[in-house]
Amino acid sequence: MASVHLFLFGLLLFTAEAMVAMEDEELHGLFQVMGALLEDSDWVHEHPQPCTDTPWPGVKCEVSDDDDPQVFHVTEIHIGPDIVSPPPCKSSAYLSGSLLKLPYLKTISIFNCFVASPIILPATLFGSLSSLEHLALQSNPSLSGELPSSLGQVPRLRVLSLSQNSLQGQIPAQIGGLGCLEQLDLSYNNFSGQIPKEIGDLKRMAILDLSGNEIEGNLPYSVGQLNDLQKIDLHSNRLTGEVPSVLGKLKRLVLLDLSHNFLSGPVSETLSNLEVLEYLVLDGNPIKARIPLFIGNLKKLKSVSFSGCGLIGPIPNCFSTLKNLTALFLDNNSLSGPVPPNLGSLLNLDQLNLSHNNLSGVIELSDDFIGKLGERLDISGNSELCTSHHQPNKENLSPYLEIPACLSSKPRNGKSLAGESPEDPAEIKPTQYISSTSSNLSSSWLDLQVVLFTLITNFVICSLFFLL
Ligand SMILES: *[C@@H]1O[C@H](CO)[C@@H](O)[C@H](O)[C@H]1NC(C)=O
Ligand SMILES: *[C@@H]1O[C@H](CO)[C@@H](O)[C@H](O)[C@H]1NC(C)=O
Ligand SMILES: *[C@@H]1O[C@H](CO)[C@@H](O)[C@H](O)[C@H]1NC(C)=O
Ligand SMILES: *[C@@H]1O[C@H](CO)[C@@H](O)[C@H](O)[C@H]1NC(C)=O
Ligand SMILES: *[C@@H]1O[C@H](CO)[C@@H](O)[C@H](O)[C@H]1NC(C)=O
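In case it helps, mature numbering (1 follows the signal peptide of the UniProt record, and there is no 0) puts the sequence shown at residues -18 to -1, 1 to 450.
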């Protein structure tokens, strides 16, 4: 009895599959598209029914419920090294106009395929793919030319990723027509001009990445309308003006990377609204101001980078409130004053670079802290800094902690040298310790021991002389 049921069930399945097929127009369109891309000229013969009997991993199909009888439609074309390796594209690969015969396409993703002969994005591509939700053409060095203005006519597009190609020209204002867009990634191309103000129309955008281009000018004020934005990465462009205060409106921002632009300071107080910010990256901008104190209120911060920003003034104590901070980069600035000892109380801090500033005073970071960070601690290049450690455990020391011992502090045997010596410690400090850039750590320590020995000997001799 059961076997009869199984048999019937199998028969039903079989007939159901046989009923659904593809429309000829769409099938031929797919063959033309694949023929324009793939090296393998037998592809068509090996995959005569790519939606059913002879599937290929890069092509996906779905049955449309609207059609009667039901038919398969191509909904995804994906080409990249993960499907066939080596990458299966021919050197003359191009985007066939027959893509328009595949009106049910939801996803086109082509990676590392256009590498030899230059191709452009056909303007007609965008106007007609009304189902397209996801367009990713990445790492195609011969994909060049400008973005067509028809780009805005893909009503359902959610993801547009064109990173690491050779695209150029301005970002067209028509991009504002992509009302469903959630992710825009144009990174690492050669886009120039300003960001169009129409970007503010992309109300659902969560990720905006325009890094590694030649984009210039100010950020348009309309960016403040992007209430869902979580990540904005504009690093390595030519942006000018002050660090945009409008960014303070983006309450959901988790990552803000404006590094390597020409942005000036001060960093606007409005950024104190970014309560969920975790990554603040402003390296390589001529900010030339003090470190803003409100940073201490951004409690979710994990990483703060201000390397090479011409920062002045002290390192504020406010960093100690950032309990989740794992990385702090303040190197290559003109910061002065002491290293706040409470940095050592940040249990999650794992990278600290304060090198090449004008910091001074005694470093009061614990051995545990110094040992834990190891080579990820760099305080070198601060000529006025010194350490109170006289017998350091060299194993624990960062090679970047090339700073002299403070001669004013207590030696092992208890008595303070500075208290009894008439000489100014700064003057007796040997010049080789003022220049902290010495790369030979062990010889520095050896020299230091010699100097200490000499000092102590002098002290003893002086005392003896005094007694006599
Ligand atoms: C980038 O575009 C500029 C013009 O905007 C051009 O001068 C430059 O050669 C381009 N660079 C590359 C690598 O294509
Ligand atoms: C710090 O990180 C932990 C673990 O990721 C998280 O649970 C906590 O909420 C964070 N603290 C703050 C102040 O965001
Ligand atoms: C230090 O910062 C300046 C910009 O302020 C930059 O030109 C230079 O390359 C940086 N140096 C290092 C070693 O990063
Ligand atoms: C700290 O920053 C300087 C540049 O300012 C860089 O040369 C050095 O490698 C960094 N140190 C570490 C440990 O990464
Ligand atoms: C470094 O700080 C000292 C005072 O501690 C100051 O005299 C000197 O001008 C500063 N140097 C730079 C380059 O800012």
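Note that CB positions come from ideal geometry on N, CA and C, so glycine has one too.
Owing to the predicted nature of the structure, the values given are computational and were not obtained by experimental measurement.
Within 7 angstroms of the C-beta of N306 there is at least one heavy atom belonging to ligand 2. Distance from the CA of G161 to the CA of T106, rounded to the nearest whole angstrom, comes to 19 angstroms. Secondary structure at C300: helix, using DSSP grouped into helix, strand and coil.
Of the heavy atoms belonging to ligand 2, at least one sits nearer than 7 angstroms to the Cβ of K281. In the DSSP assignment, A155 falls outside any alpha helix (DSSP H), carrying neither H nor E. The residues C300, T303, in chain order, have a CB closer than 6 angstroms to that of G278 in the same chain once the five nearest residues on each side in sequence are set aside. Setting aside the 5 residues that flank it on each side, W38 is surrounded in the same chain by H29, P32, each with a C-beta closer than 6 angstroms to its C-beta; the list follows chain order. Straight-line spacing of the CA atoms in H242 and N340 works out to 22 angstroms. Every residue whose Cβ sits closer than 5 angstroms to any heavy atom of ligand 3 is listed here in chain order: G290, N314.
The nearest non-hydrogen atom of ligand 4 is 7 angstroms or more from the C-beta of H217.
H60 is bridged by DSSP to S91.
Counting the other CB atoms within 10 Å of its CB gives N335 a total of 16 or more, which places it among the buried residues. Taking C-alpha positions only, D50 is separated from P104 by approximately 33 angstroms. Between I90 and I65, the CB-CB gap reaches or exceeds 8 angstroms.
Nearest to L19 by alpha-carbon distance, out of V45, V56, E44, S99, is S99.
In this structure, A118 sits away from S78, with a CB-CB distance that is not shorter than 8 angstroms.
In the structure shown, G175 adopts extended strand secondary structure according to DSSP, grouped into three states. Under DSSP, D191 takes part in a beta bridge, and its partners are D167, D215. A105: member of the alpha helix (DSSP H) spanning 105 to 110, first to last residue.
Not one heavy atom of ligand 4 is found less than 7 angstroms from the C-beta of S143.
Between Q152 and N171, the beta carbon gap of about 12 angstroms keeps them out of contact (Cβ cut-off 8 angstroms). If you check the CB distance, Y261 and K233 do not come in under 8 angstroms. Within the chosen limit of 7 angstroms, ligand 4 reaches the beta carbon of D360 through at least one heavy atom. With a threshold of 7 angstroms, the Cβ atom of H338 counts as near ligand 4, since some heavy atom of the ligand is closer than that. When rounded, the separation of the alpha-carbon atoms in D191 and L166 is 6 angstroms.
Under the DSSP definition of a beta bridge, E257 lacks any partner.
Under the three-state reduction of DSSP, V26 is assigned to helix. K185 sits exposed, since fewer than 16 C-beta atoms from the chains shown fall within 10 Å of its C-beta.
Secondary structure note for K284: it is in no alpha helix (DSSP H), with a DSSP letter that is neither H nor E.
Fully enclosed alpha helix (DSSP H) runs of no fewer than 4 residues occupy 349 to 355 of the region 317 to 363, in order along the chain. Under the three-state reduction of DSSP output, Q120 falls in the strand class. Rounded to whole angstroms, the separation of the alpha carbons of F173 and R220 is 11 angstroms. A direct Cα-Cα distance of roughly 24 angstroms separates C368 from S287. Between the alpha carbons of N314 and G62 lies a distance of about 41 angstroms. By the neighbour-count definition (other C-beta atoms within 10 Å, threshold 16), V45 is an exposed residue.
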